[in-house]
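Right, one structure below, let's go through it.
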Ligand SMILES: C[S@@+](CC[C@H](N)C(=O)[O-])C[C@H]1O[C@@H](n2cnc3c(N)ncnc32)[C@H](O)[C@@H]1O
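Numbering (my numbering), first residue to last: 2 to 200.
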């Protein structure tokens, strides 16, 4: 069976095609930038895929750095955004070499983590934020298990793990204070967009 990252490598073009056009995350990214109270905040787009949220953050005035494990996604990200640096990084291993950030956008990346990996991922994020640094954490609490997935006859071990807000905060509380649930009342997707602040 192919891996979760094989899934993102093999579907990188499709993600780019859909999400460069889909503006669902834009109001939330805008709020994140506003929350920094900085006209040019340095923002890490963790699990950046093909670079579309990074593009939006840059258009909102941020200095963006993107990180993801899927090299094919990063290739597209670099082609489409030649002025944004994109790095192949695992969210479960330290990426402190990228320096410090005013904020992190983490849109959908948490679905790839088991509960026993949450502390490591959040600790790596806390490491690159100073006190008061912001985290936009985008998660989905419930749905149907969709693992493995089959695309064009290939079977992938693509994880899609639901975490409740309470479960996330069991781990996040060590490093972050909850600030606000930004999710718009008419958001039809089931995803929740929450802001946390580095303690
Ligand atoms: C559901 S997609 C979300 C992509 C994007 N943030 C968005 O808004 O659509 C999850 C992304 O996480 C990446 N990913 C999965 N495991 C990862 C890991 N351990 N470290 C870094 N990126 C990872 C995948 O390659 C994929 O691009």
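Where is the CB? At the ideal position from N, CA and C, for every residue including glycine.
Drop a sphere of 10 angstroms on the beta-carbon of residue i, count the other beta-carbons inside from all chains shown, and report buried for 16 or more, exposed for fewer.
{"i": "residue 40", "result": "exposed"}
{"i": "residue 12", "result": "buried"}
{"i": "residue 147", "result": "exposed"}
{"i": "residue 94", "result": "exposed"}
{"i": "residue 38", "result": "exposed"}
{"i": "residue 90", "result": "buried"}
Straight-line CA distance for residue i to residue j?
{"i": "residue 8", "j": "residue 114", "result": "16 Å"}
{"i": "residue 70", "j": "residue 85", "result": "16 Å"}
{"i": "residue 184", "j": "residue 33", "result": "12 Å"}
{"i": "residue 75", "j": "residue 68", "result": "8 Å"}
{"i": "residue 193", "j": "residue 97", "result": "27 Å"}
{"i": "residue 60", "j": "residue 49", "result": "15 Å"}
{"i": "residue 23", "j": "residue 190", "result": "13 Å"}
{"i": "residue 155", "j": "residue 112", "result": "21 Å"}
{"i": "residue 139", "j": "residue 179", "result": "13 Å"}
{"i": "residue 173", "j": "residue 120", "result": "7 Å"}
{"i": "residue 130", "j": "residue 152", "result": "38 Å"}
{"i": "residue 36", "j": "residue 92", "result": "23 Å"}
Report the partner residues of residue i according to the DSSP bridge assignment.
{"i": "residue 3", "result": "157"}
{"i": "residue 47", "result": "68, 107"}
{"i": "residue 79", "result": "Answer is none; residue 79 lacks a bridge partner."}
{"i": "residue 112", "result": "Bridge partners of residue 112: none, in fact."}
{"i": "residue 178", "result": "198"}
{"i": "residue 150", "result": "157"}
{"i": "residue 172", "result": "Answer is none; residue 172 lacks a bridge partner."}
{"i": "residue 192", "result": "141"}
Counting only the same chain and skipping the five closest in sequence on each side, list residues whose C-beta sits under 6 Å from that of residue i.
{"i": "residue 43", "result": "64, 102, 103"}
{"i": "residue 51", "result": "13, 16, 17, 74, 77, 78"}
{"i": "residue 56", "result": "82"}
{"i": "residue 108", "result": "26, 54, 139"}
Enumerate in chain order the residues of its own chain whose CB-to-CB distance from residue i is below 8 Å, with the five nearest sequence positions on each side excluded.
{"i": "residue 176", "result": "123, 124, 126, 127, 199, 200"}
{"i": "residue 5", "result": "113, 157, 158, 159, 160"}
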